[in-house]
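These protein sequence lines are chains A and B, in that order. Final position of the first sequence in this note's numbering is 443; the numbers increase by one with none missing. Final position of the second sequence in this note's numbering is 333; the numbers increase by one with none missing. We put the CB at the ideal spot given by N, CA and C, even for glycine. All of these numbers come straight from a predicted model, not from anything done at the bench. What follows is a set of notes on a single structure, which appears directly below.
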Amino acid sequence: MGLRTFKKGGVHPDENKFSANAPIQSADIPKQVSIPLGQHIGAPANAIVQKGDTVKVGQLIAEPNGFVSANIHSSVSGTVNKIDTVIDASGFKRPAVIIDVEGDEWLENIDRSADIIADVKLSKEEIVEKIKSSGIVGLGGATFPSHIKLTPPPGKKAEVLLINGVECEPYLTADHRIMLEKGEETVIGVSILMKGAGVSKAYIGIENNKPDAIAHLKNICKKYKGIEVVPLKVQYPQGGEKQLIDAVIRREVPSGALPIEVGAVVQNVGTAFAVYEAVQKNKPLFERVVTVTGKKLEKPSNFLVRIGTSTQQLIDAAGGLPQDTGKVVSGGPMMGKALSMLDIPVTKGSSGVLIFSESESKRRKMEPCIRCGKCVGVCPMGLEPYLLANQTEQKMWEQLETDSVMDCIECGSCMYTCPADRPLLDFIRLGKGTVGKIMRSRN
Amino acid sequence: MSKLLNVSPSPHVAGSYSVQKIMYGVVFALMPTLAASVYFFGFGAIIVTLVSVISCVLFEFLIQKYILKSEVKIYDGSAVLTGLILAFNLPSNLPVWIIILGAFFAIAVGKMSFGGLGQNVFNPAIAGRVFLLISFPVQMTSWPKPMGFATKYVDAITGATPLGKMKEGIMNSQSVSDIMMQLPSQIDNFLGYMGGSMGEVSAIALLLGFAYMLLRKIITWHIPVTIFATVFVFQGVLNIVDSATYAPPVFHLLTGGLMLGAIFMATDMVTSPMTHKGMVIYSIGIGVITVLIRNFGAYPEGISFAILIMNAIVPIINKYAKPKRFGEVINNG
């Protein structure tokens, strides 16, 4: 009692955080990596290397293509084998740079020492520029380029920075391990982000199923001005930006607006750590922590993985694919994407690899809707999922728009809770896509 | 790779609710009431319950298999539940053939004619009960006295319900306090020592079931509590205005089918509103109509009619009682 959480809806699935006690291990550098050019929201980057070029670890290999886009750096040293398309987690073929690995030679200007540098020398503008040039995007999974969040549109002002350490998705423990093992660095990263956003107050929201992380960061934050740890009640989808803002500072981001509308900037703890490395260590974003887990997996683990490593290699390192595997998911169980094959590369947005057995991976048979209203009760956005699904089924696009289908954050709480196992979110996604198209064609 | 992976959109996990679990959860919540019925009305309660449940399930099976030629879904528990609730709305001495007729109306007309589970507008059990009440008014209002296993199924000693006596007394210009003297005490009403439909008499058994359903999160508090509050307030105002003609609110809460109706019939998911706001509107309607019928109508009891009337309005309530959207009203204090 007494712990804060968001006020509307939510569910509490079984947490199954098997890898919570597994320290972060560096995964082996693969023989070849496929680095997709579209690892962020927005347009894929343009490759600036060619077949036969030699690259070093941390070298820029692709530049942004448009405003919402991000730099991409090589995660390995070696020779560019080809620039081709590979299938990524979305299931589509996307352009990627494929590099044959030779040795592990880093750019000289990257500080590879373990020393912690707390003193931030860069100015606000330099920080934002550094984050941009280091190719940092939201590592929670949404992969929105971080520097854009730090540069609010004209007329808007950031007042407070919220750091997302809730890791509300079941199974995932990558952020948890980062907070425990890289706590100091993460908090310095938070102070860098505060300076970059021009705010004097930051809150780190952590769900209270991670008491060790809460205690550890609270202790570290004593040394840093204006950073406060806020323990939160376990409730999914607390990691959603709007839910986190509601939970921590009790402000409601208006429908269709961004967090900056209420003066908030939200970043993930993993992102804060990456920002620390970029700004203090001159290390661009080319590796990330990935949780590899599952009920039947031999060694649920947290790996520090070079971007572009194949999922297969991570599963092998965690004990190999169990016999009765039915589904492999990239991301969390509530919002992750099911992979169609295992050589799909890890990208900046890959927070986890989940292995589900055959029996866990089958959807239950759909029953008729009994109109229990539980989907309405759990919707964190105050929508009526049953209605949106029905309207989509009947192609009632105008009513869908009136009933705020575009507010849906696709958290999946409705479908998770539905006693009749109706594919509510499948329908809502379809409706949202269609309504979005109609709205765009209007102007 | 040797085998193919399953691919589906998220979410990849599902909660533990299922239609079957919910239906049998409600059935389980009705067990204290079943026990109380048997305790007060003996073998008659067992006979009526068995006949009602078996015939509801049988009619559903026959209709699904031979008329609709669809998948037989009698195991989802919804027909069992309808049968149980129908039985609890009947006197414990009702002849078997009348029960079977009621079960037929409930399942065939009340439920399957609309398209089966999830499609019906009216609560099937209440539809069956009201059909019987209108068709067989004598048999449906001869209430055996609660004498446990001494209560006979055939030729039982019958009497009126407290609500019936109240209505009759008021019609004969007796004052409420005089009538109350001849009725069982409020404690007896709470425990269930009174005439009535077999499942409605014991308030305590029904409240136990309510607590269980709340605990298991099968239903929310909104519908039952709002009905109780509405009846209490409306009847309370009437009672304050003229205590000689209008009985005290606690009497109305504990007698008749109010508890059974508010906890188990009005909360039927299929026929009640989807949003909490809608549930409150719907429940106020049920409470108001019940008090109106009981005090000013021809029947001594009105909760069944109240629920049926409000069932008909549910689609309109669903259309207008929208939940408050997140971010709809900018509220940054």
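Check your understanding: CB-CB under 7 Å to Val435 (chain A), same chain, minus the five flanking residues each way: which ones, in chain order?
Key -> Answer for Val435 (chain A): Trp397, Leu400, Glu401, Val405 and Met406, listed in chain order.
Check your understanding: With 8 Å set as the bound, which would you pick, yes or no: does the beta-carbon of Asp426 (chain A) sit closer than that to a beta-carbon of chain B?
Key -> Yes, Asp426 (chain A) counts as interfacial toward chain B.
Check your understanding: Do we get a CB-CB distance below 8 Å when we pair Lys69 (chain B) with the residues of chain A?
Key -> For Lys69 (chain B), the nearest beta carbon of chain A is not closer than 8 Å to its own beta carbon.
Practice item. Please confirm whether Leu107 (chain A) and Gly58 (chain A) have their CB atoms less than 8 Å apart. Key: In this structure, Gly58 (chain A) lies closer than 8 Å to Leu107 (chain A) by Cβ.
Point to revise | Rounded C-alpha distance that separates Val376 (chain A) from Gly10 (chain A) | key: Inter-residue distance for Val376 (chain A) and Gly10 (chain A) is about 10 Å (C-alpha atoms, whole angstroms).
Practice item. Could you say which of A:Ile163, A:Glu241, A:Glu181 and A:Pro152 lies nearest to Asn21 (chain A) if we only look at CA atoms? Key: For the residues A:Ile163, A:Glu241, A:Glu181 and A:Pro152, the minimum Cα distance to Asn21 (chain A) belongs to A:Glu181.
Review point. Taking the Cβ atom as the reference point for each residue, do Gly78 (chain A) and Val97 (chain A) lie within a distance shorter than 8 Å?
Key: No, the Cβ-Cβ distance between Gly78 (chain A) and Val97 (chain A) is not below 8 Å.
**Study point:** Where Phe92 (chain A) falls, given that 16 or more other Cβ within 10 Å makes a residue buried
**Key:** By the 10 Å Cβ count, Phe92 (chain A) comes out exposed.
Check your understanding: Going along the stretch 11-27 of chain B in order, which residues come within less than 8 Å of chain A, judged by CB to CB distance?
Key -> Answer set for the stretch 11-27 of chain B: Pro11, His12, Val13, Ala14, Gly15, Tyr17, Ser18, Val19, Lys21 and Ile22.
**Study point:** Leu162 (chain A) and Gly183 (chain A) closer than 8 Å at C-beta
**Key:** The answer is no: Cβ separation not under 8 Å.
Exercise for review: Report yes or no: do three or more beta-carbon pairs, one from the stretch 212-229 of chain A and one from the stretch 297-313 of chain B, lie closer than 8 Å?
Suggested key: At 8 Å Cβ cutoff, the stretches do not touch.
Check your understanding: In chain order, what residues of the same chain have a beta carbon less than 8 Å from the beta carbon of Ile313 (chain B), not counting five sequence neighbours either side?
Key -> Taken in chain order, the residues that qualify are Tyr282 and Gly285.
Practice item. Measuring only between beta-carbons, confirm whether Met1 (chain A) sits less than 8 Å from chain B. Key: Note that Met1 (chain A) has pLDDT 48, beneath the 50 cutoff, so the model's placement of it is unreliable and no number is given.
Point to revise | Candidates A:Asn81, A:Pro170, A:Ala264 and A:Lys242, of which the one nearest Gly294 (chain A) by Cα | key: The shortest C-alpha separation from Gly294 (chain A) is found at A:Pro170.
Practice item. Scan the stretch 258-288 of chain B for residues whose Cβ lies nearer than 7 Å to a Cβ of chain A and list them as they occur along the chain. Key: Residues Met269, Val270, Met274 and Thr275.
Exercise for review: Name, going along the chain, the residues of the stretch 352-363 of chain A whose beta-carbon falls closer than 9 Å to a beta-carbon of chain B.
Suggested key: Here the close residues are Leu354, Phe356, Glu358, Glu360, Ser361, Lys362 and Arg363.
Review point. Apart from the five residues just before and just after Thr157 (chain B), which ones in its own chain have a Cβ nearer than 6 Å to its Cβ?
Key: The question names Thr, but residue 157 (chain B) is Ile in the sequence shown. Shown here for Ile157 (chain B): same chain residues with a beta carbon closer than 6 Å to its own, the five before and five after excluded, namely Lys145 in chain order.
Review point. Is Thr291 (chain A) helix, strand or coil when you go by DSSP?
Key: The three-state secondary structure of Thr291 (chain A), taken from DSSP, is strand.
Point to revise | Sub-8 Å separation of Ser197 (chain B) and Leu101 (chain B) beta-carbons | key: Not in contact: Ser197 (chain B) and Leu101 (chain B) (Cβ atoms no closer than 8 Å).
**Study point:** Same chain, Cβ closer than 7 Å to Gly198 (chain A), five either side skipped, listed in chain order
**Key:** Excluding positions up to five away in sequence, the list reads Lys124 and Ala158.
Check your understanding: Does any C-beta atom of chain A lie closer than 8 Å to the C-beta of Leu215 (chain B)?
Key -> Not one chain A Cβ lies under 8 Å of Leu215 (chain B).
Check your understanding: How many angstroms separate the CA atom of Leu3 (chain A) from the CA atom of His12 (chain A)?
Key -> Just so you know, the alpha carbons of Leu3 (chain A) and His12 (chain A) end up roughly 15 Å apart.
Exercise for review: From the DSSP output, read off the bridge partner residues of Ser310 (chain A).
Suggested key: For Ser310 (chain A), which the question treats as bridged, DSSP gives the partners A:Pro345.
**Study point:** Beta-carbon gap between Gly447 (chain A) and Val160 (chain A) smaller than 8 Å
**Key:** Residue numbering for chain A in the displayed model covers 1 to 443; residue 447 (chain A) lies beyond these limits and cannot be assessed.
Exercise for review: Decide if Trp143 (chain B) is buried, meaning its Cβ has at least 16 other Cβ atoms within 10 Å, or exposed.
Suggested key: Buried is the call here.
**Study point:** Whole-number beta carbon distance between Val176 (chain B) and Tyr246 (chain B), since they are thought to touch under 8 Å
**Key:** The Cβ separation is near 7 Å, so the contact holds.
Check your understanding: Along chain B, in chain order, which residues have C-beta atoms closer than 7 Å to that of Ile370 (chain A)?
Key -> Scanning chain B for C-beta atoms nearer than 7 Å to the C-beta of Ile370 (chain A) yields Val19, Leu117, Gly118, Met269 and Val270, reported in chain order.
Exercise for review: Run the CB neighbour count on Val241 (chain B), radius 10 Å, all protein chains shown included, and call it buried at 16 or more, exposed below.
Suggested key: Classification of Val241 (chain B): exposed, given that the 10 Å Cβ count is below 16.
Review point. Hey, quick one: how far does the beta strand (DSSP E) through Tyr416 (chain A) stretch, first residue to last?
Key: Element bounds for Tyr416 (chain A): not the beta strand (DSSP E) but the alpha helix (DSSP H), Ser413 to Thr417.
**Study point:** Member of A:Thr311, A:Ala278 and A:Asp14 whose CA lies at the smallest distance from the CA of Ile127 (chain A)
**Key:** Closest option to Ile127 (chain A), Cα to Cα, is A:Ala278.
Check your understanding: So which residues on chain B does Thr151 (chain A) lean against when the C-beta distance must stay under 8 Å?
Key -> Ordered by position in chain B, no residue passes the 8 Å Cβ test against Thr151 (chain A), which lies about 22 Å from the chain.
Practice item. Determine contact between the stretch 410-424 of chain A and the stretch 380-388 of chain A, defined as no fewer than three beta-carbon pairs at a distance below 8 Å. Key: Verdict: yes, contact present.
Check your understanding: Could you check where the beta strand (DSSP E) with Gly205 (chain A) kicks off and where it finishes?
Key -> If you look at Gly205 (chain A), you'll find it in the beta strand (DSSP E) that goes Ala202 to Glu207.
Practice item. Put Met1 (chain B) into one of helix, strand or coil per three-state DSSP. Key: At Met1 (chain B), the pLDDT of 49 sits below 50, so the modelled position is not reliable; the number obtained from the coordinates is stated separately. Met1 (chain B) falls in the coil class under three-state DSSP.
Review point. Using 8 Å as the limit for Cβ to Cβ distance, is Lys242 (chain A) near chain B?
Key: Interface residue, yes.
Practice item. Name, in chain order, the residues that DSSP records as bridge partners for Pro36 (chain A). Key: Per DSSP, A:Ala96.
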